[in-house]
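Protein chains in written order, with the numbering used here: chain A, 1 to 148; chain B, 149 to 296.
Ideal placement from N, C-alpha and C gives every residue a C-beta, glycine not left out.
Report on one structure; see the data block that follows.
Number of protein chains: 2
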Amino acid sequence: MPDQSARPTREELQAWRAFLRAHARITRSLEAELVAEQRLSLGGYDVLVQLAEAPERKLRMAELADAVLLSRSGVTRLVDRLERAGMVARERVAGDGRGVVATLTDQGLDVLRIASTTHLAGVVRHFVARLGADQLRYLGDLCDQLVD
Amino acid sequence: MPDQSARPTREELQAWRAFLRAHARITRSLEAELVAEQRLSLGGYDVLVQLAEAPERKLRMAELADAVLLSRSGVTRLVDRLERAGMVARERVAGDGRGVVATLTDQGLDVLRIASTTHLAGVVRHFVARLGADQLRYLGDLCDQLVD
């Protein structure tokens, strides 16, 4: 039974809020750039990336919701929008009445290739370039430790 | 004109993804606990906190969207839900035909007090307790440096 009376100290809470603030600021900048240049949301980009990296570029909807690094709750709506834009297709799973997989279309892959140029340049500018190489490595290690 | 051809190295991209993954995992755990115990989403909690810390517990909708640390785009919908639950009230700004402020109600403050016990215990468990004191301080410093 976890301790429900534990509270962070003022300093610990500052670190937590700094973490949230950094995430919010960086993802907002990346989102604004993607929308301006490619009319694609960051959540939409996240979905395309996860599908592109999956075997046969397919994932069940539940797997996709687990894989995305941003808005899990909005995945169904995101896929709706990407499907209307021709970037993703939904298919029934043979022999599984309730199973639906999302597939990346060729058009989706093309959009992802172009959008990734914008996005990765943004990751360099808003994240990588703000820290030294040792700092960046250490930040990655700390983040890995947070989810171990 | 920012360099649009910059790409992160494999190691830099690993650090970025570790950062996103840590944020996603921790906020999902915090959200699940808040919903289970208080039927309040993490985004809703974020809105209540920002209003509680504002002068007179009021913020214009645009100020609120800037202040929240989570979903900025969903703020209008979040406030709709919190208003229906009696935790937030919307008021017109006198002398400004288009201005609307959101105010934290007494009931909202009561809910926030109870929910913050759940939430802060979760911040200790999923974030603070996973790192040493020096690591936590350094993580906060790195995150501050990311948004400077």
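Exposed unless 16 or more other CB atoms sit within 10 angstroms - verdict on residue i
i: A/Asp-46; result: buried
i: A/Ala-115; result: buried
i: A/Ala-140; result: At residue 140 of chain A the sequence reads Gly, which differs from the Ala that was named. The residue is buried, with at least 16 neighbouring Cβ atoms inside 10 Å.
i: B/Ser-153; result: exposed
i: B/Gly-234; result: exposed
i: A/Pro-55; result: exposed
Within chain B, partners of residue i - CB distance below 7 Å
i: A/Ala-22; result: Cys-291, Leu-294, Val-295
i: A/Val-100; result: The premise fails here: A/Val-100 is roughly 22 Å from chain B at the closest Cβ pair, so nothing lies under 7 Å.
Contact under 8 Å by Cβ, residue i with residue j
i: B/Gly-270; j: B/Leu-226; result: no
i: B/Leu-279; j: B/Ala-200; result: no
i: A/Glu-168; j: B/Val-276; result: This structure does not reach residue 168 of chain A, given that chain A is present from 1 up to 148, and the question cannot be answered.
i: B/Ala-170; j: A/Val-147; result: yes
i: A/Leu-48; j: A/Leu-120; result: no
i: B/Leu-188; j: B/Gln-198; result: no
i: A/Leu-69; j: B/Ala-166; result: no
i: A/Val-88; j: A/Gly-108; result: yes
i: A/Ala-102; j: A/Arg-92; result: no
i: B/Arg-158; j: A/Val-124; result: no
i: B/Thr-265; j: B/Leu-182; result: no
Within chain A, partners of residue i - CB distance below 8 Å
i: B/Leu-178; result: Within 8 Å Cβ-Cβ: nothing; B/Leu-178 doesn't reach chain A, min ~10 Å.
i: B/Ile-262; result: The contacting residues do not exist; B/Ile-262 stays about 11 Å from chain A at best.
i: B/Arg-278; result: Gln-145, Leu-146, Asp-148
Proximal residues of chain B, C-beta to C-beta of residue i below 8 Å
i: A/Gln-135; result: Leu-290, Gln-293
i: A/Gln-14; result: Gly-288
Proximal residues of chain A, C-beta to C-beta of residue i below 7 Å
i: B/Ala-166; result: Gly-140, Cys-143, Asp-144
i: B/Val-259; result: Simply none; closest approach about 16 Å.
Partners in chain A for residue i, counting only beta-carbon separations shorter than 9 Å
i: B/Leu-217; result: Arg-17, Leu-20, Arg-21, His-23, Ala-24
### Task
Answer yes if the segment 59-68 of chain A comes into contact with the segment 23-30 of chain A, meaning at least three C-beta pairs across the two stretches below 8 Å, and no otherwise.
no
### Task
Decide if the segment 128-141 of chain A is in contact with the segment 84-100 of chain A; the criterion is three or more beta carbon pairs, one per stretch, under 8 Å apart.
no
#### Entry: Residues of the segment 222-245 of chain B whose Cβ lies closer than 9 Å to any Cβ of chain C, in chain order
Absent from the structure: chain C. Protein chains present are A and B.
### Message
What are the residues in the segment 25-51 of chain A lying within 7 Å of chain B by C-beta distance?
### Response
Arg-25, Ile-26, Arg-28
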